[in-house]
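Residue numbers (my numbering): 97 to 547.
All C-beta atoms in this analysis are idealised placements derived from N, C-alpha and C, irrespective of residue type, glycine included.
Note that the structure is predicted; figures quoted are calculated from it, not measured.
Okay, here's the thing in structure tokens:
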């Protein structure tokens with residue numbers, strides 16, 4: 097056990113010393129804590145360190161709490177997973193085609209409101225506003241016929257919790273989850289609240305660490321508006337498994353795979369992802385302005401890994417992959433920082449400039465050639481601040497050329513086309529390898545990409 101802890105500490109020290117991790121790590125096996133440690137600063141301005149009990153915003157991990165709330169209401173016979181949501185939300189035009197189960201399992205076909213042009217992280221957004229936006233759009237597919245992650249599903253589920261329980265969801269969480277389970281360091285984020293011991297959120301920029309973009313937490317609602325700390329989340333995983341939140345039958349429904357989401361590399365459960373047949377891993381993660389986090393439960397070995405970071409560009413997936421390899425004695429190559437090539441004429445790569453998008457979600461970024469450098473203006477959900485993200489060459493072979501972001505190590509992998517142009521790029525963000533396509537009409541003009 098001591099040797100295992102030493103290996104985990106050495107691994108995390110490498111990430112910290114490479115200036116690639118700020119946050120808290122908690123790893124347990126059974127009743128034993130293998131590692132509990134904070135790294136970096138909770139507040140850079142005042143040099144306040146992260147600790148094992150520091151609080152973080154947890155983004156989409158909120159979804160599992162909303163899913164558990166729905167299942168509690170099922171257990172009390174106040175609703176059914178087979179109910180059509182017109183029973184609760186008659187104002188939504190497709191409500192007569194969609195069940196509660198469809199919302200819980202991402203099989204509703206409802207587009208994600210966070211991908212709409214009307215959506216802004218700075219705006220106060222209500223459920224009624226989201227429903228208005230949804231009523232202006234078609235479903236992405238017929239309910240039950242496909243699967244895709246949608247924040248809209250969990251906005252509607254949170255609204256159903258409120259309508260059925262006749263309580264605001266914050267009050268519901270407090271009465272039926274936080275208080276009975278003793279989760280004293282968990283709650284709902286409101287921008288005006290002072291939350292003791294919470295880490296400030298940061299992002300990467302072309303000039304280093306910066307304060308994260310302002311996010312009005314009303315817009316995240318039951319899809320992503322919670323905060324917590326590592327020990328509360330450890331308790332949450334344990335009490336869920338023991339049947340203290342929902343009964344064992346409903347817990348099995350929560351961790352049943354309802355369809356494989358290829359670009360996440362996992363199957364969908366209720367408010368979580370799962371892997372294996374039978375299920376051997378239960379995963380939840382969250383990414384919201386300034387924060388990224390992951391909670392992983394390996395059932396066979398009774399291991400729980402919790403990694404919380406107050407920088408939204410932290411490659412949590414790679415960190416967890418390395419931790420998993422140590423714990424399960426598996427061989428995983430985990431790159432902390434790619435080695436790049438110096439003294440390069442980037443002019444030979446200016447044809448790669450363009451606007452690229454990921455069709456399943458609409459995510460996009462611009463690659464530009466400016467002042468003799470290649471740069472990109474967006475990393476996953478984060479736009480650049482003041483200075484764009486510089487791309488450095490990692491390798492150039494006969495088959496492909498690879499670039500890495502100087503600030504956060506995400507990679508851009510171009511296969512060489514016969515005409516010398518690039519029509520797609522594999523964008524490697526953390527452990528996700530996403531095929532982005534060049535948008536038509538985007539050309540290079542006087543050293544700058546324009547549309």
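Per DSSP, reduced to three states, the secondary structure at residue 403 is strand. By the beta-carbon neighbour count (other beta carbons within 10 angstroms, threshold 16), residue 321 is buried. Judged by DSSP in its simplified three-state form, residue 428 adopts coil rather than helix or strand. For residue 413, the secondary structure class from DSSP, reduced to helix, strand or coil, is helix. Per DSSP, residue 464 lies in no alpha helix (DSSP H); the unbroken beta strand (DSSP E) holding it starts and ends at 459 to 466. The bridge partners DSSP lists for residue 145 are 137. The criterion of a C-beta distance shorter than 8 Å is satisfied by residue 166 and residue 196. In this structure, residue 480 and residue 302 form a Cβ contact; the two beta carbons are roughly 6 Å apart against a cut-off of 8 Å. Around the C-beta of residue 161, 16 or more other C-beta atoms lie within 10 Å, and the residue is accordingly described as buried. Counting the other CB atoms within 10 Å of its CB gives residue 425 a total below 16, which places it among the exposed residues. In the displayed model, residue 159 falls within a helix according to three-state DSSP. The closest CA to that of residue 366, considering only 375, 234, 354, 374, is found on 354. Fewer than three beta-carbon pairs drawn from the stretch 97 to 110 and the stretch 376 to 388 are found closer than 8 Å, and the two stretches are therefore not classed as touching.
Here residue 318 carries a helix assignment [DSSP, helix/strand/coil]. With contacts defined by Cβ atoms closer than 8 Å, residue 135 and residue 155 do not form a contacting pair. For residue 523, the enclosing beta strand (DSSP E) covers residues 520 to 525. Of the residues assessed, residue 168 falls on the buried side of the cut-off, its CB having 16 or more other CB atoms within 10 angstroms. Residue 191 and residue 183 have their C-alpha atoms some 8 Å from each other.
The beta carbons of residue 428 and residue 333 sit no closer together than 8 Å. Bridge pairing for residue 168: absent [DSSP]. Taking all protein chains shown into account, residue 114 has fewer than 16 neighbouring C-beta atoms within 10 Å of its C-beta and is therefore exposed.
If you draw a straight line from the Cα of residue 462 to the Cα of residue 339, it comes to about 48 Å. Residue burial annotation: residue 416 is buried, with at least 16 other C-beta atoms found within 10 angstroms of its C-beta. Bounds of the beta strand (DSSP E) holding residue 534 are 528 to 534. Bridge partners of residue 264 according to DSSP: none are assigned. If you look at residue 435, you'll find it isn't in any beta strand (DSSP E); DSSP assigns it neither H nor E. The stretch 241 to 291 is shown to contain whole alpha helix (DSSP H) runs of 4 or more residues at 247 to 261, 265 to 269, in chain order.
Rounded to the nearest whole angstrom, the CA to CA distance from residue 230 to residue 249 is 11 Å. By the neighbour-count criterion, in which a residue is buried when 16 or more other Cβ atoms sit within 10 angstroms of its Cβ, residue 221 is buried.
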